[in-house]
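Protein chains: 2
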Amino acid sequence: MAMARAGSSPQKSWLYGWHAVLAAWANPARICHRLLLGLDSGKEFQERAVAPVGKPRPKPEYAERARFEKILGKNAVFQNIALEVTELEVLALPDLVRMMQVRPRATFIMLDQVTDPQNVGAIMRSAAALGADAMILQNRHAPEAAGALAKAASGAVELLPICEVVNLSRALAELAEHDCLALALTETAPPIHTIDIPTKTCLVLGAEGDGLRPSVRAACALAASLPTRPDFGTLNVANAAAIGLYECQRRAHGI
Amino acid sequence: MAMARAGSSPQKSWLYGWHAVLAAWANPARICHRLLLGLDSGKEFQERAVAPVGKPRPKPEYAERARFEKILGKNAVFQNIALEVTELEVLALPDLVRMMQVRPRATFIMLDQVTDPQNVGAIMRSAAALGADAMILQNRHAPEAAGALAKAASGAVELLPICEVVNLSRALAELAEHDCLALALTETAPPIHTIDIPTKTCLVLGAEGDGLRPSVRAACALAASLPTRPDFGTLNVANAAAIGLYECQRRAHGI
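Protein sequence lines correspond, in order, to chains S and Z.
Mapped onto our numbering, the consecutive letters of the first sequence carry residue numbers 1 to 255.
Mapped onto our numbering, the consecutive letters of the second sequence carry residue numbers 1001 to 1255.
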């Protein structure tokens, strides 16, 4: 829990992995502090890693595996590159309301108790690629948008705003007041291709196994399932999110 | 590479993780040899793990973490349960041809040099859930359908047949002779929702970054992209596969 909070001073964190670092590097809003490169990384790799992007850059430090592991932890697949950054600002619900006022369509994705960084990162990547406008998380469950999450997101943390809220059900109620309807993805609902998806939608997914909490499910005006076989009905949450986001994207464009 | 080959005697391998083991246990075609349960797993867990399923079952052995790690490797997330099984039979291309002769529709998914067990397992899970008929892999690149792959597949290795072929392009040519058209998912093609998907289709995906090899791409009669934003166009391969499989499923049922 080291995301920048409205009103608090922004925290630093580490990004690693080629795509995550290069995307942060290219993001004008990202303040970069330290760049670590593997001692054994090739010359071409090093040149690409420090290519100018129009903002001051930290002088690269060359590090051995042990130093990477000390900073990033033993299990980080860091790909010979890591970047210490100031965390991006997290949005609040009024920011999403303002967003909807100026955009003809909006797709948000809300995760209820999905906390695995790999899954959250993979969902951010799909959401950014498929044109979603923001991801909504409950602030006390939100994983840090760095490390393994940012690596799985493959650069998407630079593109997709994260909005943190205190209470998911209340956030959905407030979005509904601005004509943004919540669409729950659950196993017990009509298939998603059979329902009307409004132009302003918040797709809501729960954790595998547990699904959505009843209070969150109750705050969703719509619910849909994916057309899975009856004896094997559950997808990985990131794959389910990808399909839901695709379907929102396809319908939003009337196709 | 320990899958059963046509003509060779079947190999044994280890499955682990709750869903993978329980699905194997319930599969009448699976021969089970040894069942390992964590010493610390609770009584309810142990009772569910050995509940009768109408076939002889191995007597459970209770093991410490160190014994699991010795058998499964240090990085296995084994969830206090592992099962040694005989590997399932792998299909050959004529089996898929026979399958198409008796089914009005068929969806196959072919992976070209996608070798990460997590991704292959996740794709098997989506393919099984979304009603695909088989997965086609090149035999010398096929990861073992056990361990981390089977865990990510969450039971799907018991449901989705794997077909191994020597040459992917030749396999696609042979499928085309039986009216099964290959549909490549690539970044440079019309969006998938704008193309006709035949009732017998083999969806073809390549590895992230490298994409499809030219010879495999050339063997595909159709190609489609996903509707991603121009400046951030790539999805994780398992998420792309999920969307492709969903779209095949949706269209196959005329919806």
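Just so you know, even glycine gets a beta-carbon here, dropped at the ideal spot from N, CA and C.
| Check | Outcome |
| --- | --- |
| List, in chain order, every chain Z residue whose beta-carbon is nearer than 7 Å to that of Arg125(S). | Leu1235 and Asn1236 |
| Locate the beta strand (DSSP E) running through Ile195(S), then write down its first and last residues. | It is not in any beta strand (DSSP E) - Ile195(S) carries neither H nor E in the DSSP assignment. |
| Residues of chain Z with CB under 7 Å from Leu222(S), in chain order? | Simply none; closest approach about 18 Å. |
| Below 8 Å between beta carbons is the criterion; list the residues of the segment 150-163 of chain S that meet it against any residue of chain Z, in chain order. | Ala152, Ser154, Gly155, Ala156 and Leu159 |
| Whose Cβ in chain Z lies nearer than 8 Å to the Cβ of Ile243(S)? | Ala1242, Ile1243 and Tyr1246 |
| Start and end of the beta strand (DSSP E) containing His33(S)? | Cys32 to Gly38 |
| Roughly how many whole angstroms lie between the Cα atoms of Val97(S) and His1141(Z)? | 49 Å |
| Taking any Cβ of chain Z, which residues in the segment 59-79 of chain S have a Cβ under 8 Å from it, in chain order? | none |
| Do you know offhand how far Ala1152(Z)'s Cα is from Pro56(S)'s? | 42 Å |
| Would Asp1210(Z) be called buried (16 or more neighbouring beta carbons within 10 Å of its own) or exposed? | exposed |
| In the DSSP assignment, the beta strand (DSSP E) including Cys1163(Z) goes from what residue to what residue? | Ile1162 to Val1165 |
| Ala1129(Z) by DSSP, collapsed to three states: which one? | helix |
| Between the beta-carbon of Cys32(S) and the beta-carbon of Ala24(S), is there less than 8 Å? | yes |
| Taking Cβ-Cβ distances shorter than 8 Å, what residues in chain S pair up with Leu1226(Z)? | Ala129, Leu130 and Tyr246 |
| Return the bridge partner residues of Met1135(Z) from the DSSP annotation. | Ile1109(Z) and Ile1162(Z) |
| Mapping DSSP to helix, strand and coil, what is Cys1248(Z)? | helix |
| Which whole-angstrom value is the C-beta distance of Asn1080(Z) and Leu1035(Z), which I expect to be below 8 Å? | About 11 Å separates the two Cβ atoms, so there is no contact after all. |
| Kindly indicate which three-state DSSP category Phe68(S) falls into: helix, strand or coil? | helix |
| Is the CB-CB distance between His1238(Z) and Asn1119(Z) below 8 Å? | Residue identity check: residue 1238(Z) is Ala in the sequence provided, not His. Yes. Within cutoff. |
| Closer than 7 Å by beta-carbon distance: list the chain S residues that pair up with Ala1122(Z), in chain order. | Asn236 and Asn239 |
| Can you tell me where the beta strand (DSSP E) holding Ala82(S) begins and where it ends? | Ile81 to Thr86 |
| Kindly confirm or deny that the segment 1123-1136 of chain Z and the segment 1154-1169 of chain Z touch, where touching means at least three C-beta pairs closer than 8 Å. | yes |
| Does the Cβ of Pro104(S) have 16 or more other Cβ atoms within 10 Å, making it buried, or fewer, making it exposed? | exposed |
| Give me, in chain order, the residues of the same chain whose beta-carbon lies closer than 6 Å to that of Val1050(Z); leave out the 5 immediate sequence neighbours on both sides. | Pro1060 |
| Using a beta-carbon distance below 8 Å, is His256(S) in contact with chain Z? | Outside the displayed range of chain S (1 to 255) lies residue 256(S), so it cannot be described from this structure. |
| Can you find a CB in chain Z that lies within less than 8 Å of the CB of Phe108(S)? | no |
| Output, in chain order, the set of chain S residues within a Cβ distance shorter than 8 Å of Phe1232(Z). | Ala128, Ala129, Gly155, Ala156 and Leu159 |
| List, in order along the chain, the chain Z residues whose C-beta lies closer than 7 Å to that of Arg250(S)? | His1193 and Pro1227 |
| In angstroms, rounded to a whole number, what distance separates the CA positions of Arg1250(Z) and Cys1220(Z)? | 21 Å |
| Would you kindly report the start and end of the unbroken beta strand (DSSP E) that includes Glu1061(Z)? | Pro1060 to Ala1063 |
| Hey, how far is the Cα of Ala1004(Z) from the Cα of Val1085(Z)? | Here the model assigns Ala1004(Z) a pLDDT of 45, short of 50, so the residue's position is not dependable, and the following value carries that caveat. So the alpha carbons of these two residues sit roughly 12 Å apart. |
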